[in-house]
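In what follows, a structure is listed as structure tokens, so that the remarks can point back to it.
Residue numbers (our numbering), protein chains in the order written: chain A, 4 to 340; chain B, 356 to 809.
As structure tokens, then:
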């Protein structure tokens, strides 16, 4: 019995807890991608860099707050600095929309042109970020590091495996619930949110009923910028901030959006968790778990790892491939926004 | 109106009056002039190394143009296909490592065979199992997992044995020991095979799916090359690939070459490396011209007309009985093969295979800028774009550095802002490429050499 519980704690510590946090981060990212897709009808390749840009501003603001001696310990100071990053990211998105995307919207350009344009913006934002903060790693998490420490857990419960919960992980889950709740409330119960859904559903009918398209687009960018900054900051707090990483995050985020059905917010969130948990479950070495359940060395001395952690990004690709082959419209097909 | 305001207008009128072919000749002549200026001002060695890379870039751009210009397919995974070409250079030309083959060759081959059989079996079961309900998922999944576990059980010990064989010098299976020029064909085949798989999965769905799938596959190819040491030595790189052209040292020991260098009035070392580069340039030019001729012929043929019809109006072409998805797959495979050829040529030129050198910016997005700036849909445009953008890619850093130096000349030399800006100048490339891409798309979407009206 105790060894089975130990195995469970092991899985909880290495898959469930990090998976919840990572899933939240991906879900917030995919929600942004899916909103842009639903309203502007293209896959925004610049999304990763928008996340990175917002996070960079948060980091700079965090450093400023830290040197001013302000903190909200035990919580990380970055939460206090979030508004600065959000405002900056909103500004960036609105500028991009005004000077880049608006032109193509008026031209009614094909989605592929939007894709290329979004890659152009990805470069520019990426260059800007490396110009301002440089390409190196930044660690900006402060305050209390753990909510539950592995050693404390072991001492209190008497199990030989520990369960650790990082503050960043707890903050991630709580923030995500709050933000996602707000977004859904906004979409379903406010007039603006309803007009956005109408616009996403049928552009021509929405225009006919007097909805201002520019306003809808602006609000979509604002929500996207907010979501991207929060997702990027939470990811940065949990792991660490490095500009290149956000480019690599693009693939899991897109995979999450497609798994859930592009353009569907609920799908984006479900997709985020699907991707996160599969990534961790497939790259986890089950050797110790098997040791607890059926005894050491019964299954040989391999790591019992389906895929080495080097290939964790391949997992999102594999899931993407399976979804494209089996159900290209995603889990929640047919519904947008 | 003053006279000075009139003159540029006149010049523009004169340029506008040129026929398209005259204008193209002028553009290519200008490109040649840029290279000659580099040759005179810097050195001919620099000019020829830029030219060689220009030629390879032009071939890659041609490959992308086949996909984008002919069919409107958006490939964001150019890097992966180029890297597969590079792998072909290693697999074809390096001598086989006998000890490694003895240690684990059989296991790896058997494991890969099981992997392929599993894939085929699962596809067959999936196709047959339409009426099975939930069992369809369960059986297919079971076959995949069982086959995968079996494959890993065979491959894992073998790769460890291979990687243990003299890991400082080899630690991989090596290649076939064939002439490296053969790898240019094989690289094309490798890339074509990968493209077929990706295309089969993602073509026929929405346009974004191809983009995202290619982005994914290219990342995964690079990861495989980085971490599968038994195949490509991973981050330890493969050095000293055989060459299709003579070595500098052999030339320097050759009596007639020494006499030739004296005649040309060049130091022996410079002369030998120059001759090697010219040899490469000749080889690459032959390949470029061959692919260019093939592409142009294809574009003029009924097939090319059909491709344009599909690109411009898929629904209409479909209604005329053309299988759009199949033609897209064909064109995607062809374009990727050309990219693979260029990738193999690049590794041949470098003489070494470095998986870490494959960066999306350099291998995917730069090529895109070449195609868009050169003129999508026009092969000559893609070639010109390849030349021009590579040239500025190389020269952008010195220019950016100079620009920032001038910009901050008012600040004291040790000022933190000036230091920070100078330090970050290396990142100007990223931004410059983005700005060029957006500006061309906005203000001259047809590129330098627009697609000809037929």
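Every residue, glycine too, gets a C-beta built ideally from N, C-alpha and C. This structure is a prediction, so every number in the text was calculated from the model and none was measured.
List the residues of chain B that residue i touches, going by C-beta distances under 7 angstroms, in chain order.
i, result
"residue 318 of chain A", "Near residue 318 of chain A there are no residues of chain B at all, since even the closest Cβ is about 10 angstroms away, more than 7 angstroms."
"residue 106 of chain A", "797"
"residue 51 of chain A", "Ordered by position in chain B, no residue passes the 7 angstroms Cβ test against residue 51 of chain A, which lies about 11 angstroms from the chain."
"residue 42 of chain A", "What residue 42 of chain A touches in chain B: nothing, since even the nearest Cβ is about 15 angstroms away."
"residue 313 of chain A", "578 and 582"
"residue 277 of chain A", "Chain B residues near residue 277 of chain A: none, gap ~15 angstroms exceeds 7 angstroms."
"residue 257 of chain A", "567"
"residue 103 of chain A", "793"
Determine the chain B residues that contact residue i at a beta-carbon separation under 8 angstroms, and present them in chain order.
i, result
"residue 133 of chain A", "779, 782 and 785"
"residue 46 of chain A", "563, 566 and 567"
"residue 119 of chain A", "429, 723, 727, 792 and 796"
"residue 262 of chain A", "The contacting residues do not exist; residue 262 of chain A stays about 12 angstroms from chain B at best."
Heavy atom of the ligand ADP less than 8 angstroms from the Cβ of residue i, yes or no?
i, result
"residue 461 of chain B", "No copy of the ligand ADP occurs in the structure displayed, which carries no ligand at all."
What is the DSSP secondary structure of residue i, counted as helix, strand or coil?
i, result
"residue 244 of chain A", "strand"
"residue 599 of chain B", "coil"
"residue 141 of chain A", "strand"
"residue 324 of chain A", "helix"
"residue 607 of chain B", "helix"
"residue 257 of chain A", "helix"
"residue 110 of chain A", "helix"
"residue 287 of chain A", "coil"
"residue 359 of chain B", "Confidence in residue 359 of chain B is poor, its pLDDT being 44 and thus under 50, which makes the residue's placement too unreliable to answer from."
"residue 682 of chain B", "helix"
"residue 826 of chain B", "Not covered by the structure: residue 826 of chain B. The range shown for chain B is 356 to 809."
"residue 535 of chain B", "coil"
"residue 483 of chain B", "helix"
"residue 391 of chain B", "helix"
"residue 75 of chain A", "coil"
Since residue i sits in a beta bridge, which residues does DSSP pair it with?
i, result
"residue 151 of chain A", "A:168"
"residue 708 of chain B", "B:593"
"residue 529 of chain B", "B:451"
"residue 308 of chain A", "A:288"
Output, in chain order, the set of chain A residues within a Cβ distance shorter than 9 angstroms of residue i.
i, result
"residue 574 of chain B", "251, 254, 316, 317 and 320"
Against chain E, with Cβ distances strictly below 9 angstroms, would residue i count as a contact?
i, result
"residue 723 of chain B", "This model lacks chain E altogether; the protein chains it does include are A and B."
Strictly below 7 angstroms CB to CB, what residues from chain A border residue i?
i, result
"residue 571 of chain B", "254, 320 and 323"
"residue 720 of chain B", "122 and 126"
"residue 557 of chain B", "327"
"residue 788 of chain B", "126"
Determine, using beta carbons only, whether residue i and residue j come nearer to each other than 9 angstroms.
i, j, result
"residue 2 of chain A", "residue 141 of chain A", "The shown model of chain A, from 4 to 340, leaves out residue 2 of chain A, and the question about it has no answer."
"residue 26 of chain A", "residue 231 of chain A", "no"
"residue 114 of chain A", "residue 180 of chain A", "no"
"residue 694 of chain B", "residue 415 of chain B", "yes"
"residue 120 of chain A", "residue 796 of chain B", "yes"
"residue 24 of chain A", "residue 171 of chain A", "yes"
"residue 438 of chain B", "residue 567 of chain B", "no"
"residue 536 of chain B", "residue 606 of chain B", "no"
"residue 128 of chain A", "residue 52 of chain A", "yes"
"residue 571 of chain B", "residue 580 of chain B", "no"
"residue 162 of chain A", "residue 12 of chain A", "yes"
"residue 600 of chain B", "residue 634 of chain B", "yes"
"residue 772 of chain B", "residue 763 of chain B", "yes"
"residue 593 of chain B", "residue 443 of chain B", "no"
"residue 418 of chain B", "residue 691 of chain B", "yes"
"residue 152 of chain A", "residue 165 of chain A", "yes"
"residue 699 of chain B", "residue 440 of chain B", "yes"
Can you pull the chain A residues whose beta carbon is under 8 angstroms from the beta carbon of residue i, in chain order?
i, result
"residue 560 of chain B", "327 and 331"
Who are the neighbours of residue i on chain B, taking C-beta pairs under 9 angstroms?
i, result
"residue 114 of chain A", "561, 562 and 563"
Is it true that the region 257 to 264 of chain A meets the region 132 to 146 of chain A, where meeting means three or more beta-carbon pairs spaced less than 8 angstroms apart?
-> no
The region 96 to 107 of chain A / the region 220 to 230 of chain A touching (three or more Cβ pairs under 8 angstroms) | yes
The region 77 to 96 of chain A / the region 10 to 19 of chain A touching (three or more Cβ pairs under 8 angstroms) = no
The region 456 to 465 of chain B touching the region 507 to 517 of chain B, judged by at least three CB pairs closer than 8 angstroms = yes
Within the chosen definition, does the region 430 to 449 of chain B reach the region 465 to 480 of chain B through at least 3 CB pairs nearer than 8 angstroms?
-> no
Report yes or no: do three or more beta-carbon pairs, one from the region 744 to 755 of chain B and one from the region 403 to 419 of chain B, lie closer than 8 angstroms?
-> yes
Touching by the beta-carbon criterion (3+ pairs, under 8 angstroms), the region 481 to 500 of chain B and the region 521 to 533 of chain B = no
Contact between the region 677 to 687 of chain B and the region 396 to 403 of chain B (3+ Cβ pairs under 8 angstroms) = no
Is there contact here, the region 658 to 677 of chain B with the region 372 to 389 of chain B, by at least three beta-carbon pairs under 8 angstroms?
-> no
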